[in-house]
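**Student:**
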Amino acid sequence: MKKVLIINGGQNFGHSGGKYNQTIAENTLEALKEFENVEVKITNVSEPYDKDEEVQKFVWADYIIYHTPIWWFQLPNGFKKYIDEVFTAGHAKGIYMNDGRNAANPEINYGTGGMLGGRKYMLTTSWNAPATAFTLPGEFFNETSVDDGPLFGFHRMNAFVSLEKMESFHFHDVEKNANIERDMKLYRDHVRNVFEKELKPELV
């Protein structure tokens, strides 16, 4: 039995009601239900949580799936607070031991003290920006992808705690030009494809 932790980083703030990322989380569940050997836990960061219990969820999980809107090119404040609190609480308790360096040679090995080795994570993000803002010459993000640009630090954060990256999925133009039915189908297909590879029986 493989264990999956879904973290829904959506929240109600300003003109955002958090509904889009709730829909993504529901579609994740729908896709994962097709696999008989999967157990799922869900955290909604907009609801009260115990940081120590969340640490144990990270330790419990084989896979972590993050769902987050992007506000002003960064994580929303509630999700950032969750990360700050939970990862800090996880120091020497299963998330990370230290920064990996040794006082004898502090110039090397930074970022190698994570404790979540053997686990993987998937990131989904939702944007007002269209996909072309990342791909077309002269457009806003200078042909830099979501993962290599705005979310680079998020991926290094996960590497710091020894999580291995799986293929991301990004929802674009969700305010002015959303096609929810199409995008959720594409996303469910993505989840199925990724987890079929992850969960297929090993040949013996």
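According to the UniProt record's numbering, the sequence shown holds residues 1 to 204 in order.
Built from N, CA and C at the ideal position, the CB exists for glycine as well.
Leaving aside the five residues before and after A61 along the sequence, list all residues of the same chain whose C-beta is less than 7 Å from its C-beta, in chain order.
**Tutor:** Looking up residue 61 in the sequence shown gives position 61. Same-chain partners within the cutoff: K3, V4, L5 and R119.
**Student:** Just the Cα atoms here: how many angstroms apart are L163 and Y96?
**Tutor:** Translated into positions along the sequence shown, residue 163 becomes position 163. Translated into positions along the sequence shown, residue 96 becomes position 96. Roughly 11 Å separates the two Cα atoms.
**Student:** Give the DSSP-derived three-state secondary structure of T43 in the structure shown.
**Tutor:** Here residue 43 corresponds to residue number 43 of the sequence shown, with the count starting at 1. In this structure, T43 counts as strand in the three-state DSSP scheme.
**Student:** Less than 8 Å separating the beta-carbons of I64 and N8?
**Tutor:** To locate residue 64, count along the sequence shown from 1; it is residue 64. To locate residue 8, count along the sequence shown from 1; it is residue 8. Result no, Cβ atoms of I64 and N8 do not sit closer than 8 Å.
**Student:** Please state whether the Cβ-Cβ distance between H172 and T124 is less than 8 Å.
**Tutor:** Counting from one through the sequence shown, the residue named residue 172 turns up at place 172. Counting from one through the sequence shown, the residue named residue 124 turns up at place 124. It is not a contact, given that the beta carbons lie outside the stated cut-off.
**Student:** Mind checking which residues open and close the alpha helix (DSSP H) that includes L32?
**Tutor:** Locating residue 32 in the sequence shown gives position 32, counting from the first residue. K19 to L32 is the extent of the alpha helix (DSSP H) around L32.
**Student:** What is the DSSP secondary structure of V191, counted as helix, strand or coil?
**Tutor:** Stepping through the sequence shown from its first residue, residue 191 is reached at position 191. Three-state result, V191: helix.
**Student:** What's the gap between the Cα of N142 and the Cα of F73?
**Tutor:** The count along the sequence shown starts at 1 and reaches residue 142 at position 142. The count along the sequence shown starts at 1 and reaches residue 73 at position 73. Roughly 14 Å between the two C-alpha positions.
**Student:** For G118, write down the residues that DSSP places opposite it in a beta bridge.
**Tutor:** The residue labelled residue 118 in the question sits at position 118 within the sequence shown. Answer is none; G118 lacks a bridge partner.
**Student:** CA-CA distance, M157 and K93?
**Tutor:** For this step, residue 157 is matched to residue 157 along the sequence shown. For this step, residue 93 is matched to residue 93 along the sequence shown. Approximately 17 Å between the Cα atoms of the pair.
**Student:** Any idea if E30 is buried or exposed, counting beta-carbon neighbours within 10 angstroms, 16 or more meaning buried?
**Tutor:** Translated into the one-based positions of the sequence shown, residue 30 becomes position 30. Under this definition E30 is an exposed residue.
**Student:** Are the stretch 102-111 and the stretch 70-84 touching, with three or more C-beta to C-beta distances below 8 Å?
**Tutor:** Output reads no: the stretch 70-84 does not touch the stretch 102-111.
**Student:** Starting from T132, follow the alpha helix (DSSP H) in both directions and report where the run begins and ends.
**Tutor:** Residue 132 sits at position 132 when you count from the first residue of the sequence shown. T132 to T135 is the extent of the alpha helix (DSSP H) around T132.
**Student:** Could you work out which residue in E26, A25, T28 and L32 is closest to M1 when comparing CA atoms only?
**Tutor:** Along the sequence shown, read from residue 1 onward, the residue named residue 1 stands at position 1. Closest option to M1, Cα to Cα, is L32.
**Student:** Could you check whether F169 and G114 sit closer than 8 Å to each other, using their CB atoms as the reference points?
**Tutor:** Along the sequence shown, one-based indexing puts residue 114 at 114. Along the sequence shown, one-based indexing puts residue 169 at 169. For G114 and F169, no; Cβs fall outside 8 Å.
**Student:** Quick check on this structure: which residue in F134, S46 and Y82 has the alpha carbon closest to the alpha carbon of Q22?
**Tutor:** Numbered from its first residue, the sequence shown carries residue 22 at position 22. It is S46 whose Cα lies nearest to the Cα of Q22.
**Student:** Where do the N-terminal and C-terminal ends of the alpha helix (DSSP H) with H67 fall, by residue?
**Tutor:** By 1-based counting over the sequence shown, the position of residue 67 is 67. Here H67 belongs to no alpha helix (DSSP H); instead the beta strand (DSSP E) covers Y63 to P69.
**Student:** With a 10 Å radius around its C-beta and 16 neighbouring C-beta atoms as the bar for buried, classify G138 as buried or exposed.
**Tutor:** Position 138 of the sequence shown, counting from 1, holds the residue named residue 138. That one is exposed.
**Student:** Going by beta carbon distance, what residues of the same chain come within less than 6 Å of V204, once the five residues before and after it are set aside?
**Tutor:** Looking up residue 204 in the sequence shown gives position 204. Bear in mind that a pLDDT of 41 at V204, under 50, signals an unreliable position, so the number given afterwards is only what the model happens to contain. The answer is none, since no qualifying residue turns up.
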